[in-house]
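Since the structure comes first, as C-alpha cells, the remarks are kept for the end.
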Amino acid sequence: MLQLQYIKEHRDECIERLKIKHVADVEQRIDEIIALDEQRRSIQKKADDIKAEQNNIAKEVGMLFKQGKREEAEAKKNLTAELKADEKRLSEQMANVEQELNTKLISLPNAPHITVPQGRTADDNLEVGRFGEMPNLGIDALPHWDLCAKYNLVDFELGNKITGAGFPVYKGKGARLQRALINFFLNSAADAGYVEIQPPLMVNEASGLGTGQLPDKEGQMYAIPLDGFYMIPTAEVPITNIYRNVIVNADQFPIKHVGYSECFRREAGSYGKDVRGLNRLHEFSKVEIVVIEHPDKSYERLEEMKKHVGGLLDQLGLPYRILKLCGGDISFTSAMTFDFEVWSAAQQRWLEVSSVSNFEAFQANRMKLRFKDSDGKMKLAHTLNGSALALPRIVAALLENNQTPDGITMPECLRPYLGFDKIS
RNA sequence: GGAAAGAUGGCAGAGCGGUCGAAUGCGGCGGUCUUGAAAACCGUUGACCUUCACGGGUCCGGGGGUUCGAAUCCCUCUCUUUCCGCCA
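If you count the first sequence from 1, you need to add 19 to reach this note's numbering.
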C-alpha cells in the first residue's frame with residue numbers, strides 16, 4: 020500500500036499519479052484517508068493524555084502502599100474508574116477509525132510512475148523496442164500444439180486425465196527442453212549476480228498479503244483452506260516475503276535473487292484461442308528474478324533487469340518487442356511495468372513471456388521491509404521483479420519459429436543442456 | 001494422529017505483580033592504545049505513534065480478562081521445538 024506520509028505530504032501529485040490508473044473518485048478517496056488520519060491523531064492524543072494520568076496515579080498508589088499509607092492509597096484508587104471508562108470509549112473509537120483507514124489504504128492501488136503512458140487497455144501500451152527477425156514460415160507451418168503432438172513433446176490429453184485442463188504433461192525431448200531452459204535461465208541469472216533460491220510452492224496468508232496477491236487477487240490463487248495455504252502464482256511471492264518484517268543493511272543493496280518454481284494460476288474466466296496449447300496454463304514453470312533496492316536506485320535497477328531479460332531472448336534467437344504498460348493495463352501493485360512479448364510465428368501473434376516491474380515501496384510498506392538510510396532514518400526499501408523467463412510461451416515460440424520440414428532446430432545456447440540440437 | 005515444552009530487543013538469553021523498555025553475553029557504532037590491524041579497555045546501541053521542541057504514549061507471539069498497576073496471574077488463538085506413530 021501507499022505510504023500515508025506520502026499521501027499527506029504530496030496529495031496533489033499522488034492524485035495525479037493515481038489518475039493514470041483511472042482510479043475512480045481519487046480526490047474523494049485521498050481526502051477521506053487524510054481526514055481519517057487526522058481523526059486518528061486527535062483520538063490518540065486524548066487517549067495518550069488519559070493513559071499518562073492513569074500511569075501517574077498507579078505510580079502514586081504504589082508509592083503510598085510502600086510507605087504504608089493504606090487509606091490514602093485506597094482513596095486514590097477510585098480516581099481511575101472514570102478515566103478507565105473514557106479510555107475504553109476512546110479505544111473503541113480508535114479501533115473503528117483505524118480499521119476504516121486501513122481498509123481504504125489497502126484497497127488503494129500503487130501510484131504509477133509519472134511517466135507511465137496514459138491509456139485504458141492493452142492496445143494503449145507503448146512499444147519501446149523491437150528486436151530480432153520475424154521468420155517467414157510457409158503456409159504449411161504448424162502451430163505449436165500440432166508440433167507437440169507430431170513430435171510427442173507435450174501431452175495435453177494425459178494432463179486432462181491426471182489433473183484437468185491446463186496441466187500438461189511434458190514428455191521425452193519436450194521434458195528435456197523444459198529442464199534445459201530452466202537451467203539456462205538459472206545459470207544466466209547466477210552469472211549476472213542473482214543468488215539462487217528454491218522456495219516453498221505454498222505460502223501462508225501473511226505472505227499473500229505482503230506481495231499484494233491478497234486481498235486483491237484472491238481468486239487467482241489455488242487455496243488449500245484446510246491448512247490456510249495458497250499455491251504460489253509466481254516465485255515472487257515466497258522470495259520477496261523472505262524479507263517480510265526485515266530490516267536490511269543499506270550496504271547489502273542491491274539484494275538480487277533468482278528462483279525457479281512451478282506457478283499455479285486459476286485463470287478463471289479465460290477461454291478460447293487464448294488458452295490453446297501452451298498459451299495459458301494452470302500450472303507452468305517460470306524462473307523469476309527479484310530485487311530489493313535502495314529507493315534512489317530502483318529505476319536504474321529496473322533497466323538492468325530489462326537488459327537481462329532481453330539478453331536471454333537474444334540468445335534464444337526469438338524476435339520480441341518491449342512494451343511499456345499504460346495506466347489501464349498496469350497491475351494493482353506496480354508503479355511501472357515493461358512486458359516482453361515474443362513473436363509466435365505460426366500463431367501470428369505476440370505472446371507475453373516476461374513482465375518486469377518496479378513496485379517502489381508498495382510491497383515493502385505491506386511487508387515492513389525497511390533499511391536504515393545514510394541519514395540514520397528508517398525507510399522502506401523498493402522491491403522489483405521480473406520473469407526471466409516464463410517457459411511455456413518460450414517453448415511455443417521456439418517450436419513454431421524454428422520448425423523446418425525435417426525437424427525443429429534448437430538454439431545454440433541450449434545445446435549444452437539439451438544434449439541434442441534438433442527435434443525430429 | 002498422540003504427548004510435552006516454549007514464544008522476550010539484530011542474535012543468544014535472564015526476568016519476586018509496582019522506577020522493566022527490560023539484566024547479561026554476542027554483534028553493531030564511537031573512542032583510547034597501535035605505523036595499521038587484532039586483542040584489551042571505556043562509552044554507546046530497539047521499533048512505532050505524537051510534538052517545532054521539551055515531553056507524552058504504545059510495543060516482551062496475536063486477542064481477551066483479573067488488578068490502582070501485568071513481560072510477570074487467568075482464558076483463548078496462532079506458531080515453533082522435542083518425543084512417539086506414519087512416511088519421501
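Don't be surprised by glycine CBs; every beta carbon is placed ideally from N, CA and C.
Under the three-state reduction of DSSP, which class applies to residue i: helix, strand or coil?
| i | result |
| --- | --- |
| GLU221 | Glu is not the amino acid found at residue 221; the sequence shown has Met there. MET221 falls in the strand class under three-state DSSP. |
| ILE311 | strand |
| GLU215 | strand |
| LEU332 | helix |
| TYR170 | coil |
| GLN366 | coil |
| ARG434 | helix |
| HIS276 | strand |
| ALA415 | helix |
| ASN377 | strand |
| TYR318 | helix |
| LYS441 | strand |
| GLU444 | Lying before the first or after the last residue shown, residue 444 is absent from the chain, which here runs from 20 to 443. |
| GLN422 | strand |
| ILE10 | Residue numbering for the chain in the displayed model covers 20 to 443; residue 10 lies beyond these limits and cannot be assessed. |
| ILE243 | strand |
| GLU20 | Residue 20 is actually Met in this sequence, not Glu. The answer is coil: DSSP assigns MET20 none of H, G, I, E or B. |
| SER226 | helix |
| VAL42 | coil |
| LEU261 | The residue you asked about is not Leu; residue 261 is Ile in the sequence shown. ILE261 falls in the helix class under three-state DSSP. |
| ASN298 | coil |
| ASN129 | coil |
| ASP159 | coil |
| GLY238 | helix |
| GLN232 | coil |
| GLN137 | coil |
From residue i to residue j, what does the alpha carbon distance come to, in whole angstroms?
| i | j | result |
| --- | --- | --- |
| GLN118 | ILE125 | 10 Å |
| HIS132 | SER226 | 25 Å |
| PRO10 | ARG149 | What the structure shows of the chain is the stretch from 20 to 443, and residue 10 is not part of that stretch, so it cannot be assessed. |
| MET158 | PRO338 | Note that residue 158 corresponds to Ile in the displayed sequence, not to Met. Cα-Cα distance, rounded: 19 Å. |
| ALA168 | ASP174 | 7 Å |
| ILE69 | GLN63 | 10 Å |
| SER110 | VAL116 | 10 Å |
| CYS282 | ASP31 | 39 Å |
| PRO314 | GLN86 | 57 Å |
| GLY238 | ARG285 | 7 Å |
| MET429 | LYS192 | 11 Å |
| SER443 | LYS326 | 33 Å |
| TYR318 | ASP56 | 30 Å |
| ALA114 | ARG108 | 10 Å |
| LYS27 | VAL45 | 14 Å |
| MET386 | ALA400 | 10 Å |
| GLU79 | LEU98 | 12 Å |
| LEU433 | ILE216 | 22 Å |
| TRP369 | ASP358 | 11 Å |
| GLY151 | GLN47 | 47 Å |
| GLY395 | LEU166 | 59 Å |
| LEU335 | PHE381 | 34 Å |
| LYS305 | ASN121 | 34 Å |
| TYR189 | LYS236 | 29 Å |
Could you check where the alpha helix (DSSP H) with residue i kicks off and where it finishes?
| i | result |
| --- | --- |
| ASP31 | 30-39 |
| SER207 | 192-210 |
| ARG59 | 45-85 |
| ASP105 | 99-125 |
| ARG452 | As shown, the chain starts at 20 and ends at 443. That puts residue 452 outside it, with no answer to give. |
| GLY178 | 175-181 |
Starting from residue i, follow its DSSP beta bridges and name the residues at the other end.
| i | result |
| --- | --- |
| CYS282 | PHE303 |
| VAL256 | DSSP lists no partner for VAL256. |
| HIS401 | GLU312 |
| LEU342 | GLU146, ASP358 |
| PHE390 | VAL267, LYS398 |
| VAL188 | ASP174 |
| SER406 | GLU307 |
| GLU371 | GLU360 |
Mind reading off the beta-carbon distance from residue i to residue j? Whole number of angstroms is fine, and I expect it under 8 Å.
| i | j | result |
| --- | --- | --- |
| PHE351 | PRO128 | 5 Å |
| ILE251 | GLY278 | That belief does not hold up - the Cβ atoms of ILE251 and GLY278 are roughly 10 Å apart, past 8 Å. |
| LYS275 | GLY229 | With a Cβ gap of about 19 Å, LYS275 and GLY229 do not count as contacting. |
| LEU365 | GLU419 | The question names Leu, yet the displayed sequence has Ala at residue 365. Confirmed, about 4 Å. |
| LEU403 | ARG320 | 6 Å |
| SER376 | THR356 | 4 Å |
| LEU331 | VAL414 | LEU331 to VAL414, Cβ: 14 Å. No contact. |
At which residues does the beta strand (DSSP E) containing residue i begin and terminate?
| i | result |
| --- | --- |
| GLY426 | 426-428 |
| PHE248 | 248-250 |
Please determine whether the Cβ atom of residue i lies at a distance below 6 Å from any heavy atom of the ligand NAP.
| i | result |
| --- | --- |
| ASP358 | Of the ligands one can find in the structure shown there are none, so the ligand NAP has no counterpart to examine. |
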